[in-house]
Structures are given as C-alpha cells and as structure tokens.
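Read the structure below first, then the notes.
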Amino acid sequence: EDERYGTWDAERIRHLFVEEDANHILEMKTNLQRSDAVVWGCSRSGTYDSQSGYKLLNLLHTIENPMTVPTLPPIETKLWSNLWKEVINQMSGVASLAGWQKPCPSFIKCNIGSSWIDASRNCGVAWLTRNHYGVSLAHSRRSYSVVPSPLEAEILCFYWAVESLSTMRYEKVGFESTSYLAGEGVLNPENFPHLSGLIGAIREKLSLLRLWSIAYVHKESNRCADAIALSVTRDHRYTSYIAKDGPGWLLPMIIEDAVGAYDNY
C-alpha cells in the first residue's frame, strides 16, 4: 500500500499474488484513518476457530507431502509456508532459537529426528535422551522401508521412541520434534484418520509413562537427533540398535548443547 496516496502498489501486489487474488485485493478500498490490526487470515471473521485451524493443518499436510496430494500454485504455496513458519516462530518464542534447552530436573528430554528421501528408499529415525545437565543417557537408530511421506517417517520415529522408552521404564519424558504436524497428529489423532492405527499404538505406549509432553522445536534445538537419523540415509547404516550414552562421533555436539543450554521452565 502507498501510504502517501492511500492506494495499492499494483505492481507489487501482482508480483506477490496470483491474478484472481490480486484483482480482489486491488478492488479493496484503503482507509488511512484506521490503524493496522492483527487478524487470523483463515477465517471470515478474522479470529481463530478450530475449524479454520483444521483447514490450515490440511494445507500444511499438502505442503509437506507434495507428491501425494494436489498442490497450490507455487507462489501461494511459498506464501503459506512462510506464513506458517512465522506463526510457529511467534508460538515458540525467541528462546527456542537459542538451541537445546534443559528439561526440568524430574524429567528426561527425548529429542526425536527422522531423515526421509523418498518412498522407494529406506528412511532413518533416531532418538536421544538427556537429563537436566545435558548428559546423554541413551540413544537409538533405526531404518524403515516403504514410508510414503516425511510426516509418516516422523510419526514412526515417535512410535519407535515411545516404545523404546516405555520398555526401558522411563517415567517422565518430554518429547521434542521439528515436525509440528507429527506432534499434532499424536495429540489430536481425529484430525489424521489415515494414520489412526499408528497413532493409536503411540498413544497406547504413552499411557505406560507416568507423565509426558510433546513440543515443537526448531532444528537448532534438535540437531543431535537429526544427525543420528541422517546417518541412516547418508551412510546407509540400516542396522537398528539401542545403546547407552550418545554416539562417540556426536559427543562434541552433545557437549556444545549442554554448555549452551539454560533452564526454560
């Protein structure tokens, strides 16, 4: 919008939006006497409601799985993707950009990560548990074949982590993942009916823990688990295992996380 004349910058609008949307925007009357306001762009009223939130989840699933569902025009897909990243930034707060954060002393933190290339190749999943001091307690790596999407790879990672930790008799665990949709699937399975069997198995295993939580984090906070998962697809390490501590080759990064960590509870 050109604040000097109260008119739209037509060239910029047509550059950013597809023709139909650009025409609608340019037909809107501007009002310089009215102050700017933050609105929820996915509902008619401009306020958030669960129905519009579910529609946005479907859109995000489209963006994460471009080969399995119809996609939006490229420009709109990029705009929605950037918008959601900004929403996540606001939800997570600036602190989440600082890296790995300590769990409260009575909890163990379990970061989970996955590495997916395509449905024809094995994907890698991994988890790493650490205590309040940032000391690694245990980790695991596993591969799965014929996994159709990155979302399902991350949910399989949730299953592997929860199954392992419940068997190892962990009691209080905070799970962290870089996939918002995977965490949303576990917390609200009714929104993901095509994954109901797998999510149901995860929730059954979670019931064996005394207390648990699931949180979305940025990649900087999850880099150790992601690195272990990447070793599956990059180095073709398909043997599954569970081991104490962390991988020796990852020790410098684990120590760096621990040194830079701070309380966030």
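First residue of the sequence shown? That's 1069 in this note's numbering, and the numbers climb one at a time after it.
We put the beta carbon where it would ideally sit given N, CA and C, even for glycine.
R1209 and L1249 have their C-alpha atoms spaced approximately 22 Å apart. Take the alpha-carbon of E1095 and the one of V1285: they are about 40 Å apart.
The beta carbons of H1200 and P1173 sit about 5 Å from each other, so the pair counts as a contact at 8 Å. In the structure shown, A1283 adopts extended strand secondary structure according to DSSP, grouped into three states. Per DSSP, the unbroken alpha helix (DSSP H) holding I1323 starts and ends at 1319–1328. Taking the Cα of I1223 as reference, the smallest distance to any Cα among E1244, R1189, W1317 is reached at E1244.
Restricting attention to beta strand (DSSP E) runs no shorter than 3 residues, the region 1168–1235 encloses them at 1176–1183, 1191–1198, 1204–1212, ordered along the chain. Straight across, the Cα-Cα distance linking S1183 with V1300 is about 8 Å.
Between S1204 and I1322, the CB-CB gap stays under 7 Å. Apart from the 5 residues on each side of it in sequence, V1107 sits with its Cβ closer than 6 Å to the Cβ of G1114 in its chain, given in chain order. Secondary structure at S1245: strand, using DSSP grouped into helix, strand and coil. CA-CA distance, V1086 to W1195, rounds to 42 Å. According to the DSSP assignment, A1090 belongs to the alpha helix (DSSP H) that extends over 1087–1095. Within the DSSP secondary-structure output, Y1309 pairs in a beta bridge with R1209. When only Cα atoms are considered, L1279 and F1175 end up about 9 Å apart.
Take the alpha-carbon of C1191 and the one of V1214: they are about 8 Å apart. Sorting E1252, V1230, S1211, E1239 by C-alpha distance to the C-alpha of L1219 places E1252 at the top. The C-alpha of V1241 is placed about 15 Å away from the C-alpha of E1272.
Residue nearest to S1308 within the set G1328, S1247, C1225, L1263 is C1225 (criterion: CA-CA distance). Assignment of beta-bridge partners to K1240 by DSSP yields L1279. In the DSSP assignment, T1301 falls within the unbroken alpha helix (DSSP H) covering 1291–1303. Counting only residues of its own chain and dropping the five nearest sequence neighbours on each side, Y1306 has a CB closer than 7 Å to the CB of N1190, S1211, V1300.
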